[in-house]
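Worksheet: one structure, shown below.
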Amino acid sequence: MKTALEWKKYYSSPEFRERYIYDENDLGVTCTDSGTSFKLWSPSADSVTLNLYHEGSGGEAYIHIPMEKEDKGVWSWLSGENMHGVYYDYSLSFEGESVCSADPYAYACGINGRRSMAVDLKKTDPEGWKNDRAPEKGTEQIIYELHVKEFSWDPSGGFPEPYRGKYKAFTCQDTTLFGDGIHPTGMRYMKELGVTHVQIMPAYDYGSVNEGGKDTEFNWGYDPVNYNVPEGSYSTDPEHGEVRIREMKEMIQALHSQGFRVIMDVVYNHTYSLDSWFQRTAPWYFYRVFDDGRISNGSACGNDVASEREMCAKYILESVLYWTEEYHIDGFRFDLMGLLDVNLMNRIRRELDARYGKGEKILFGEPWAAAETAMEGNAVPALKKNIMLLDENIGMFCDDTRDAVKGSALKIKRPGFINGASGKENDIVQSARAWCATSCGSTDEDSDSVTTVKAPSQVITYVSAHDNQTLWDKLAETLPEADEAERMRLNRMAAAIYMTCQGSLFFLSGEEFARTKNGLEDSFNAPIALNRLDWKQAWENQSLVEYYKGLIALRTRLPGLCDKSARASKRISNVETSEGLVSFEVDNRSETGCQKWNRLKIVYNGTREYRRVEVKENGWMILCDGEDSRLWASAKYAGKDLQAEPQSVLILGRLAEQSVGGTGGVAAGVTEETAEKETWEKQAV
Ligand code: CA
503 MKTALEWKKY
513 YSSPEFRERY
523 IYDENDLGVT
533 CTDSGTSFKL
543 WSPSADSVTL
553 NLYHEGSGGE
563 AYIHIPMEKE
573 DKGVWSWLSG
583 ENMHGVYYDY
593 SLSFEGESVC
603 SADPYAYACG
613 INGRRSMAVD
623 LKKTDPEGWK
633 NDRAPEKGTE
643 QIIYELHVKE
653 FSWDPSGGFP
663 EPYRGKYKAF
673 TCQDTTLFGD
683 GIHPTGMRYM
693 KELGVTHVQI
703 MPAYDYGSVN
713 EGGKDTEFNW
723 GYDPVNYNVP
733 EGSYSTDPEH
743 GEVRIREMKE
753 MIQALHSQGF
763 RVIMDVVYNH
773 TYSLDSWFQR
783 TAPWYFYRVF
793 DDGRISNGSA
803 CGNDVASERE
813 MCAKYILESV
823 LYWTEEYHID
833 GFRFDLMGLL
843 DVNLMNRIRR
853 ELDARYGKGE
863 KILFGEPWAA
873 AETAMEGNAV
883 PALKKNIMLL
893 DENIGMFCDD
903 TRDAVKGSAL
913 KIKRPGFING
923 ASGKENDIVQ
933 SARAWCATSC
943 GSTDEDSDSV
953 TTVKAPSQVI
963 TYVSAHDNQT
973 LWDKLAETLP
983 EADEAERMRL
993 NRMAAAIYMT
1003 CQGSLFFLSG
1013 EEFARTKNGL
1023 EDSFNAPIAL
1033 NRLDWKQAWE
1043 NQSLVEYYKG
1053 LIALRTRLPG
1063 LCDKSARASK
1073 RISNVETSEG
1083 LVSFEVDNRS
1093 ETGCQKWNRL
1103 KIVYNGTREY
1113 RRVEVKENGW
1123 MILCDGEDSR
1133 LWASAKYAGK
1143 DLQAEPQSVL
1153 ILGRLAEQSV
1163 GGTGGVAAGV
1173 TEETAEKETW
1183 EKQAV
C-alpha cells in the first residue's frame, strides 16, 4: 500500500482531480418503492463487494454482490425492490489487501453503527411530519445548549422511565418535578424560560458509548462514526435502524411545536478514529497529512478531516443539507470551525440561503483549533482572525467577551470584570458592541480594538458552554471566599451583562439555575450523575431562574440590542468607564418606529460600592436592577438621584414620546419628542 504522503500526492494531482471528482448527489443508498440503489465513491479500490444481512450486527451475510465500477470512482448496484430494513456493508480490495467497511454515506445503521442499513426515509416520518414547521424567527436568537441524555436522565425531571435520557423525552410536554404536577420541568420549563433555539449537543451517531451498554454510560459525543445517522443510545431501540431516525424526528417535531428552533452540533473536523469508513473506502483522501508525513492533529482527537478537498467538501455540504431537508434542522454549530476552510463555510451559507432564504438557517462555530493543521493549497482556515472573510451570517463564539466578563475559561483562577479583575472595562464596552467598533466605522475612543467583525450577526455572546467550568463553578473557583449570596449576585450580573450585548445570545442549559459540575472543567466522559440536569436544583434556585426569564423577556423588547446589522454599534454612545464601572446609552428605536423605550442607559457596576448614575434628563424608567429583571413590566419612573447597587447591572429606558409623569418625571421637550418619532431606519440612512 502507498504511504499517507504518496496518497496525498496522488490525490492532489490534476489527473486524479480530472478523473475522480463526482458531481452527482446520489452517493449512499436511495431506497423507494421503485427500487434501491447502492453507490459508493471509492476511486482507488480494485474491487468492491456489497454484503447484505438480515441483522444490524452479528450473523453472516446472506449474499455477496459484486459492484459495478462506473465513472468517477463510483461503484454501484441497483435492485428493483424496496430494500428498506436490509443491513449492508462493503468488502473492498486495494492492491491485494482487503478491508470491510460500513457506508460513509449511510442514512441508517445497526447497533453501534458498524453496519449500514438501507432505509426508505418516508417510512421513518412520525405522524404529522409533513406539517412540521419551525416557529417564526423572532427578533433575537437566544440559544440554549442541551445534551439529549442530560435533559431527562435525572428522576427529578418526572419523565416516564423508558424515555429518560432518550429523544422520546422531548415528546413529554407536561413533565413536573418528580411528577408533582406543580413545578414544570423539561419542555414546559424551557418554554417559560423564553429561549428561542435549542442546540442539541452531538446527536449524529458517535462511537464513545456502547449503544447496547448500561444506561449510565455517558459521553458528550464529539466522536463521529456515521455523520448522517442519529446516535443510537438516545433511541428506545438501537437494534433497529429506523427507530432512532423516527425518534429523532419526533424530538425535533416536539421542539418545533413548542416554539423552539433546533440547532445541531456538528463535528465535521475529525472522526472518532482514523480507522473510519472514510479511510477504509478512500485511504487518506479525507484526512490531512503534513509534508513530513506526520498525521495532522489540529483537533487533538487524532485526525483532521480535509474539508478543502473537493469530495470532502461535497460530503460535508451534502450532509448539512441532508439534516436540514430530512430532519428539518434550523441551524448548525460547527465544532472547531477553525479546522474547516472559509470557502466551504461560505459555500454552505450560500446553499442554505438559496434554499431557505437569506440567514434563515443559523450558522456559527468555534473559530479556533486545538493545534496546527495541515490544510492544503490556498485554503484559508475559518479562524477568528479570518472572520472578515466569512459571510456576515456565519457567527463565531466570542471567547473575548466570555473571558472579559468572568475570566479566562482556560486559566481557571483568573478573574474577569465581574469577579475582581481590573482593566477589563474596554473589553466590556467592546463586548456590548459585539466587537464591531472599528469595522462598523465608529471613530470613537474604542476604535483600536484588535478583533473586528462585520456585524453583530457574526458574534455569539456567551459566558458558559459545555466546555470548561460552568459559570457557577468559575465564580466559586475565582472567589472562594464569597458567600452564596455574592455568587448569586455575580451570576445575575454576568447574565445581565452578556444579555445586554449586541451579539446573538447563547448559554449552557442550567446556567440559569447555578448548574455545577463540582468544578470539573471538561466533563465529556464524567458520569451522567454529574452531567445530568438536576431539576430539583432548578426549583431550589428559582429566584435566579426568574432573573434570567425577566432578562430574556426584556431583551426581545430591546431592538437596539437585537439589531444585527453592520451599523448596530452606532447605536451605542456616551460610553463612560472608570475602575470597575462601565456605562453607555443605546439608541433603541426600531425600524418600525413603535418602540416603547427610545433610549436605554446601561450601567455595569463591578465594584463592591454603590455608584451614582448621572442622567441628564427626566423620564427614565428602571427596567432592570441587580435584583429584579422585571421592573420594566411595572412602569415606574426613576428619579434623578439614581444609584447602581454594588456588583450589579442597572438598565434604564426612556419613554418614546408621551408626556411622562410619576416621581421625578417631567415631560420631554417638544422638539426632542418630534425628533424621537423618527425611526432608527430613517435616522441611520
Ligand atoms: Ca453510536
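According to my numbering, numbering within the sequence shown proceeds without interruption in unit steps and concludes at 1187. Just so you know, even glycine gets a beta-carbon here, dropped at the ideal spot from N, CA and C.
I'd like to know whether the C-beta atoms of Thr446 and Glu752 end up nearer to each other than 9 Å. Since the first and last residues shown for the chain are 503 and 1187, residue 446 lies out of range.
Given a threshold of 16 other Cβ atoms within 10 Å of its Cβ, counted over all protein chains shown, does Pro516 qualify as buried or as exposed? exposed
Those residues which DSSP pairs with His685 across a bridge: His685 is not bridged to any residue.
Given Ala911 as reference, the closest of Lys886, Glu1023, Phe1015, Met1001 once Cα atoms are compared: Glu1023
Beta carbon of His456 nearer than 9 Å to that of Phe788: Residue 456 cannot be examined here, being either before or after the span of the chain that is shown, 503 to 1187.
Taking the C-alpha atoms as reference points, what is the distance between Gly1164 and Cys938? Its pLDDT being 41, under 50, Gly1164 is placed unreliably in this model, and the value from its coordinates should be taken loosely. For Gly1164 and Cys938, the distance between alpha carbons rounds to 38 Å.
If you compare alpha carbons, which of Arg1069, Gly615, Tyr609 is closest to Leu623? Tyr609
Classify Cys1126: buried if its beta carbon has 16 or more other beta carbons within 10 angstroms, exposed otherwise. buried
Candidates Leu1083, Asn553, Arg748, of which the one nearest Gly925 by Cα: Leu1083
I'd like the ranges of any beta strand (DSSP E) spanning at least 3 consecutive residues and lying wholly in the segment 864-941. 864-867, 896-899
Can you check which of these residues, Ser578, Ala756, Val882, Gly715, is closest to Pro740 by C-alpha distance? Gly715
Compute the beta-carbon to beta-carbon distance between Ile889 and Thr1002, rounded to the nearest angstrom, for a pair I have assumed lies under 8 Å. 22 Å between Cβ atoms; not a contact.
Measuring alpha carbon to alpha carbon, tell me which residue in Trp786, Thr980, Trp579 is nearest Ser916. For the sequence presented, residue 916 should be read as Arg rather than Ser. Here the closest residue by C-alpha is Thr980.
Following a CB-centred definition, is Gly715 positioned closer than 8 Å to any heavy atom of ligand 1? no
Proximity test, Cβ basis, 9 Å: Lys693 and chain C: Of the protein chains in this structure there is only one, and it is not chain C.
Run of the alpha helix (DSSP H) containing Trp1041, from where it starts to where it stops: 1037-1042
Distance, Cα to Cα, Glu1119 vs Lys1142? 8 Å
Which ranges does the alpha helix (DSSP H) cover as unbroken runs of at least 4 residues, wholly within the segment 640-703, from first to last along the chain? 650-654, 688-695
Rounded to the nearest angstrom, what separates Val1077 and Arg935 at their Cα positions? 11 Å
Do Tyr708 and ligand 1 come close, with the Cβ less than 8 Å from some heavy atom? yes
Could you round the C-beta distance between Pro606 and Phe780 to whole angstroms and report it? I think they count as a contact, below 8 Å. 5 Å
Of the choices Leu892, Arg849, Ala876, Ala996, whose alpha-carbon is the least far from that of Thr903? Ala996
Would you decide whether Met525 is buried or exposed? Buried here means 16 or more other CB atoms lie within 10 Å of its CB. In the sequence as displayed, the identity of residue 525 is Asp instead of Met. Label assigned to Asp525: exposed.
Within its chain, find whatever has a CB closer than 6 Å to the CB of Glu570; leave out the 5 residues flanking it on each side and keep chain order. Ser578
In terms of DSSP beta bridges, what is Arg1156 paired with? Arg1101, Trp1122
Mapping DSSP to helix, strand and coil, what is Ala620? coil
Which of helix, strand or coil DSSP assigns to Asn845: helix
Among the residues of its own chain, which have a CB less than 7 Å from the CB of Ser1025, if the five just before and after it don't count? Lys1019, Leu1032, Asn1033
Residue range of the alpha helix (DSSP H) that Gln781 falls in? 779-783
Any heavy atom of ligand 1 within a distance shorter than 8 Å of the CB on Val727? yes
Would Phe720 and Pro1029 be called neighbours here (beta carbons separated by less than 9 Å)? yes
Mind checking whether Ile850 and Val882 have CB atoms under 9 Å apart? no
To the nearest angstrom, how far is it from the Cα of Cys814 to the Cα of Gly795? 20 Å
When we look at the beta-carbon of Gly615 and count the other beta-carbons within 10 Å, is it buried (16 or more) or exposed? buried
Looking only at DSSP bridge pairs, what is Asp528 linked to? Per DSSP, none; premise fails for Asp528.
Rounded to the nearest angstrom, what separates Glu812 and Ile523 at their Cα positions? 7 Å
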